[in-house]
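Q: Mind looking over this structure? Questions follow.
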Amino acid sequence: MAVLAVCFSFASCDDDDFNVDHGTHSQLPETVLSGTYTGTYTIYKSDGVTLEKTVPGTVTIAAGENKYTATFNSVSTEAVVNGAEEGCIDVAWANDIIKFWGKTTGGTTAGYLNSDALNGTYDNSKITFRFAKTVRSGRKTVTNFYNFEGTK
């Protein structure tokens, strides 16, 4: 099995693009999110309920060059996601919980991410996020749902 990598690269967004409370903390949320997380991908079939498989994975998050941006790198033997996506990341920070999401653009990769957003939560060194991915399987198009849970 080949090890496949994916980079989710989130470009800068104006703070005014979203009506979100970024919170008042001593560090930027992308700095707190930065790190390597080891965990598990749970992959569901297109109904979003039927479990297809569970596989180990590693996710590395690095703060972007601009405020409220981050780069995601996901490595797993079977959670197959090819290519990179770019879009704005936005962050809402309440108490010690960080919510983050980034828009994705369909059609830019072989097997593109088609979810409205990459939805994630960071809480006490634990990260969870989810996305949908559509691929061509023969003459059909198949969508799978990927959930990741991991810790620093």
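Residue numbers 5 to 156, in this note's numbering, belong to the letters of the sequence shown in order. Backbone N, C-alpha and C define an ideal beta-carbon position, used for all residues, glycine too. Everything numeric in this text was worked out from a predicted model, so none of it was measured.
1) So the candidates are Ile102, Ser141, Thr75; which of them puts its Cα closest to the Cα of Gln31?
2) Counting along the chain, where does the beta strand (DSSP E) carrying Leu32 start and finish?
3) Relative to the alpha-carbon of Ala66, which residue among Val139, Pro60, Tyr41, Lys130 has its alpha-carbon at the smallest distance?
4) Cβ atoms of Thr138 and Glu153: under 8 Å apart, would you say?
5) Under three-state DSSP, which class holds Ser61?
6) Alpha carbon to alpha carbon, how far is Gly52 from Thr62? Give it in angstroms, no decimals.
7) Would you say Tyr45 and Asn123 are within 8 Å of each other, going by their C-beta atoms?
8) For Ser129 versus Thr155, is the C-beta distance shorter than 8 Å?
9) Between which two residues does the beta strand (DSSP E) holding Ser78 run?
10) Indicate the three-state DSSP secondary structure (helix, strand or coil) for Gly68 in the structure shown.
11) DSSP state of Val53, grouped into three classes?
A: So, from the data block:
1) Comparing Cα positions, the closest option is Ile102.
2) No beta strand (DSSP E) holds Leu32; DSSP gives it neither H nor E.
3) Selected option, being the one with the closest Cα: Tyr41.
4) No, the pair does not count as a contact, with Cβ atoms beyond the cut-off.
5) First, the amino acid is wrong: residue 61 is Gly here, not Ser. Correct three-state label for Gly61: strand.
6) So the two alpha carbons sit approximately 22 Å from each other.
7) No, the pair does not count as a contact, with Cβ atoms beyond the cut-off.
8) Yes, the pair counts as a contact, with Cβ atoms nearer than the cut-off.
9) First-last of the beta strand (DSSP E) with Ser78: 74-80.
10) Gly68: coil per DSSP, three-state reduction.
11) Assigned with DSSP and collapsed to three states, Val53 falls in coil, not helix or strand.
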